[in-house]
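Novice: Position in the sequence shown (first residue = 1) + 299 = our numbering.
Don't be surprised by glycine CBs; every beta carbon is placed ideally from N, CA and C.
The model shown is predicted, which means the values in this text are computed figures rather than measured ones.
Dropping a structure here in structure tokens format, bear with me for questions.
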Amino acid sequence: MEHGHPASKIETAPATWAAVEELFGTKGEPSRCWCRWFALTGNDWAGTSPGDRRELLKSSFQTGPAPGVLAFRDGRPVGWCAVEPRAKYPRLKRSQVLRKAGLRSEDGLDLWAVRCFVVAPNHRRTGVSSALLAAAMDHAFNNGANVIEAYPVDTDHRTKATASDLFHGTLSLFKAAGFSPVSESVPGRPVVRLKKRGAAR
């Protein structure tokens with residue numbers, strides 16, 4: 300798949316299924332996970348194939364707001380960010396990061412989670428993640444979120460973080476967007492939040 304030059308302008312929009320399918324493609328981790336790791340319990344994950352997960356993500360476009368946002372260059376999708384109400388991520392609620400932070404019980408449709416970034420290989424480090432996060436924040440707040448939560452990697456603490464770790468995003472990315480840590484119970488894996496202006500909680 301050819302991409303536009305990384306210097307060209309980034310456009311963002313709520314995701315469409317066709318563009319997500321094009322971005323994830325048929326090779327690499329996105330085409331195996333289809334961003335369903337945190338949307339399935341361990342047993343459910345073990346019982347699904349990549350094709351099953353693909354259909355689960357596709358169906359999520361039919362039941363409410365888009366489950367994420369996309370970045371485009373020259374009309375082609377180059378990045379994805381998953382963002383939905385935290386209640387839609389059952390595995391997340393069992394995660395060590397939330398368990399140690401004591402934040403598992405705070406579900407509700409007004410608490411959304413930024414879960415995953417996918418950026419096409421030759422567009423990394425060109426501003427796509429920042430554009431995606433800004434779009435994810437707008438998407439969440441426009442669809443009822445009062446608080447947005449995320450679980451980034453602190454690369455100053457985890458200096459050997461791999462690409463598979465960094466799909467959460469980095470702490471510096473979220474801090475630059477105005478998020479603040481609310482827990483650092485797991486070293487190198489803070490929980491960060493951003494509250495909508497005027498929101499009660």
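Since I believe Val490 is in contact with Glu448 (beta carbons under 8 Å), could you give me their beta-carbon distance rounded to a whole number of angstroms?
Specialist: Position 149 of the sequence shown, counted from the start, is the residue given in the question as residue 448. Position 191 of the sequence shown, counted from the start, is the residue given in the question as residue 490. Indeed they touch by this definition, with Cβ atoms about 6 Å apart.
Novice: Are at least three pairs of beta-carbons, each pair with one atom in the segment 308-320 and one in the segment 371-383, less than 8 Å apart?
Specialist: Yes, they touch.
Novice: Just how far apart, CA to CA, sit Phe440 and Pro384?
Specialist: Here residue 440 corresponds to residue number 141 of the sequence shown, with the count starting at 1. Here residue 384 corresponds to residue number 85 of the sequence shown, with the count starting at 1. Using only the alpha carbons, I get a separation of about 11 Å.
Novice: Closest by CA to Ala419, which one among Trp411, Val413 and Ser428?
Specialist: For the purposes of this step, residue 419 is taken as residue 120 along the sequence shown, with counting starting at 1. It is Ser428.
Novice: Within 8 Å, do at least three Cβ pairs link the segment 347-360 to the segment 368-376?
Specialist: At 8 Å Cβ cutoff, the stretches do not touch.
Novice: Which residues in the same chain as Leu322 place their Cβ atom closer than 8 Å to its Cβ, once the five residues preceding and following it in sequence are excluded?
Specialist: Within the sequence shown, residue 322 is the residue found at index 23, counting from 1. Result list for Leu322: Pro329, Leu369, Pro376, Val377, Gly378, Trp379, Val417 and Ala419, in chain order.
Novice: By how many angstroms is the C-alpha of Ala338 removed from the C-alpha of Tyr388?
Specialist: Against the sequence shown, residue 388 aligns to sequence position 89. Against the sequence shown, residue 338 aligns to sequence position 39. Whole-angstrom Cα-Cα distance: 4 Å.
Novice: Within the same chain, show all residues whose beta-carbon is closer than 6 Å to that of Lys399, passing over the 5 residues directly before and after it, in chain order.
Specialist: Position 100 of the sequence shown, counted from the first residue, corresponds to residue 399. Hits under 6 Å: Ser484 and Val485.
Novice: Identify the residues that DSSP records as bridge partners of Gly383: which are they?
Specialist: Translated into the one-based positions of the sequence shown, residue 383 becomes position 84. Correcting the residue identity first, residue 383 is Glu in this sequence and not Gly. Its beta-bridge partners are Ala412.
Novice: Just to confirm, are Lys494 and Asn445 a CB contact at a threshold of 8 Å?
Specialist: Position 195 of the sequence shown, counted from the start, is the residue given in the question as residue 494. Position 146 of the sequence shown, counted from the start, is the residue given in the question as residue 445. Result yes, Cβ atoms of Lys494 and Asn445 sit closer than 8 Å.
Novice: Are the beta-carbon atoms of Asp464 and Val452 separated by less than 8 Å?
Specialist: Residue 464 sits at position 165 when you count from the first residue of the sequence shown. Residue 452 sits at position 153 when you count from the first residue of the sequence shown. Against a cut-off of 8 Å, the Cβ pair of Val452 and Asp464 comes out as a contact.
Novice: For Ala386, tell me which candidate among Thr454, Arg457, Trp411 and Gly327 has the shortest Cα-Cα distance.
Specialist: Your numbering for residue 386 matches position 87 in the sequence shown. Considering only alpha carbons, the answer is Trp411.
Novice: From Trp333 to Arg414, what distance separates their C-alpha atoms?
Specialist: As a position in the sequence shown, residue 333 is number 34, starting the count at 1. As a position in the sequence shown, residue 414 is number 115, starting the count at 1. The straight-line gap from Cα to Cα measures roughly 12 Å.
Novice: Are the C-beta of Asn342 and some C-beta of chain C separated by less than 8 Å?
Specialist: Chain labels in this structure do not include chain C; a single protein chain is all it has.
Novice: Contact defined as beta carbons within less than 8 Å: I believe Ser479 pairs with Arg492. What is the distance between those atoms, to the nearest angstrom?
Specialist: For the purposes of this step, residue 479 is taken as the residue at position 180 of the sequence shown. For the purposes of this step, residue 492 is taken as the residue at position 193 of the sequence shown. Going by Cβ atoms, the distance from Ser479 to Arg492 rounds to 7 Å, so yes, they are a contact pair.
Novice: Taking just the CA atoms, how far does Arg331 sit from Gly324?
Specialist: What you label residue 324 is simply residue 25 of the sequence shown in a count that begins at 1. What you label residue 331 is simply residue 32 of the sequence shown in a count that begins at 1. So the alpha carbons of these two residues sit roughly 10 Å apart.
Novice: On a Cα-Cα basis, can you pick out the residue from Arg496, Gln395 and Ala435 that is closest to Gly487?
Specialist: Within the sequence shown, residue 487 is the residue found at index 188, counting from 1. Comparing Cα positions, the closest option is Gln395.
Novice: With DSSP run on the structure shown, which of helix, strand or coil describes Arg375?
Specialist: Indexing the sequence shown from 1 puts residue 375 at position 76. Arg375: strand per DSSP, three-state reduction.
Novice: Look up Ala370 in the DSSP assignment and say whether it is helix, strand or coil.
Specialist: Position 71 of the sequence shown, counted from the first residue, corresponds to residue 370. It is a strand residue.
Novice: For Arg494, which three-state DSSP category applies?
Specialist: The sequence position of residue 494 within the sequence shown is 195, counting from 1. Looking at the sequence provided, one finds Lys at residue 494 rather than Arg. DSSP places Lys494 in strand when its eight states are reduced to three.
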